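Right, one structure below, let's go through it.
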Amino acid sequence: MPDAIQISADVVVVDLEGTTSAAGFILGDLYDYARPRLEAVLGRDDDTVRVARAAALAEAGLPETATDADVAAALHALMDADVKSTPLKTLQGIIWAEGFAAGEITSHFFEDVPPRLRHWHDQGVRIAVYSSGSVASQQPWFRHAPQGDLSGLVTAWFDTVNAGPKKEPASYAAIAQALEVDPTRLLFLTDHPDEVLAAVAAGWQVVALDRVGEPWAGAEFAAPAITGFDQIEVQP
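Quick note on this note's numbering: the sequence shown kicks off at 1225 and runs consecutively.
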């Protein structure tokens, strides 16, 4: 293993898919769990669901008279194409949270991730999450990790609703403001080249994850790249 990259930062912000966790697990097991449950969730008398349903109608170009089955079919198409749709992520988050609570699904973390998160936390480095998946799905994802409850290590949660799109520098500026930390004291860990560019443009420190077998493995990154969390040392 190469020498660890040494970084000084106050907060480490982590992406999930392809960074802390295998994309195939999310796009496979969890998508398969959510798919048959979308139509039923769309019919709930719930403010969050109503807002997500209306946003899904607009996104898919469907009329207000569309049935729950119509909306679910449109969302299935987005899932098939792995489109980062905010209303879809919101609804998936509801379904997954309930599945985690019921013990019907568990999350996935690469083995190198939990020990490093705990180590950084013990060092006094704050940890935050920024994922296209909703905050409602992020929290149980960490709570129900196979390696134990990791949610207590995380001090802030960000998604495309409360921060903005992950490929836009303004989203990273918004996170820095919310955390009340200078961008130069923030470290973002992600596997996506466009997210690397956006965070760098916002003045953040960035290290890319180049994990074998993940969707962006072997890509050109505008930042140092590592293959696992154990190759980076972060101190405040």
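Where a beta carbon is used, it is the ideal one built from N, C-alpha and C, also for glycine. This one's a predicted model, so the numbers in the text were calculated from it and none came from an experiment.
Residue i classed as buried or exposed, judged by whether at least 16 other C-beta atoms fall within 10 angstroms
{"i": "Q1429", "result": "buried"}
{"i": "A1233", "result": "buried"}
{"i": "Q1316", "result": "buried"}
{"i": "D1271", "result": "exposed"}
{"i": "A1422", "result": "buried"}
{"i": "R1340", "result": "buried"}
{"i": "P1364", "result": "buried"}
{"i": "V1275", "result": "exposed"}
{"i": "P1460", "result": "exposed"}
{"i": "P1338", "result": "buried"}
{"i": "E1419", "result": "buried"}
{"i": "A1301", "result": "exposed"}
{"i": "I1229", "result": "exposed"}
{"i": "A1298", "result": "buried"}
{"i": "Q1401", "result": "exposed"}
{"i": "Q1347", "result": "exposed"}
Of the listed residues the options, nearest to residue i (C-alpha basis)
{"i": "A1397", "options": "V1420, D1415, A1425, S1375", "result": "A1425"}
{"i": "A1325", "options": "F1366, V1307, L1312, P1287", "result": "F1366"}
{"i": "K1308", "options": "P1417, P1389, T1414", "result": "P1389"}
{"i": "L1411", "options": "D1306, E1457, A1276", "result": "E1457"}
{"i": "E1241", "options": "A1447, L1413, H1343", "result": "L1413"}
{"i": "G1437", "options": "V1236, F1249, R1261", "result": "F1249"}
{"i": "V1236", "options": "E1328, G1442, R1409", "result": "R1409"}
{"i": "I1319", "options": "L1254, P1417, A1369, A1293", "result": "L1254"}
{"i": "Y1257", "options": "A1394, T1330, P1417", "result": "T1330"}
{"i": "V1378", "options": "E1328, S1395, L1403", "result": "L1403"}
{"i": "D1415", "options": "E1392, P1439, I1399, V1405", "result": "P1439"}
{"i": "V1265", "options": "G1323, H1345, P1407, R1342", "result": "G1323"}
{"i": "P1370", "options": "A1443, L1262, G1327, T1289", "result": "G1327"}
Residue i: CB within 7 Å of a non-hydrogen atom of the ligand GTP
{"i": "E1457", "result": "By its list of ligands, the structure shown contains no ligand whatsoever, and the ligand GTP lies outside what it can speak to."}
Contacts around residue i, its chain only, beta-carbon distance under 8 Å, and the 5 residues preceding and following it disregarded
{"i": "F1334", "result": "T1244, S1245, A1246, R1435, G1452, F1453"}
{"i": "H1345", "result": "I1351, L1377"}
Residue i at chain D interface by Cβ criterion, 8 Å
{"i": "V1307", "result": "Here there is only one protein chain, and chain D is not present."}
Own chain partners of residue i with C-beta closer than 6 Å, once the 5 adjacent residues on each side are dropped
{"i": "A1449", "result": "A1432, D1434"}
{"i": "D1227", "result": "none"}
{"i": "A1284", "result": "A1298"}
(request) Return the chain-ordered ranges of every alpha helix (DSSP H) run that is complete within the stretch 1359-1420 and spans a minimum of 4 residues. (result) Here the runs fully enclosed are 1359-1367, 1393-1403.
(message) Using a Cβ distance threshold of 8 Å, determine whether the stretch 1375-1384 contacts the stretch 1349-1364, with at least three qualifying pairs required.
(response) They touch, by the three-pair rule.
(message) Count Cβ pairs between the stretch 1265-1284 and the stretch 1300-1315 that sit closer than 8 Å; are there 3 or more?
(response) Verdict: yes, contact present.
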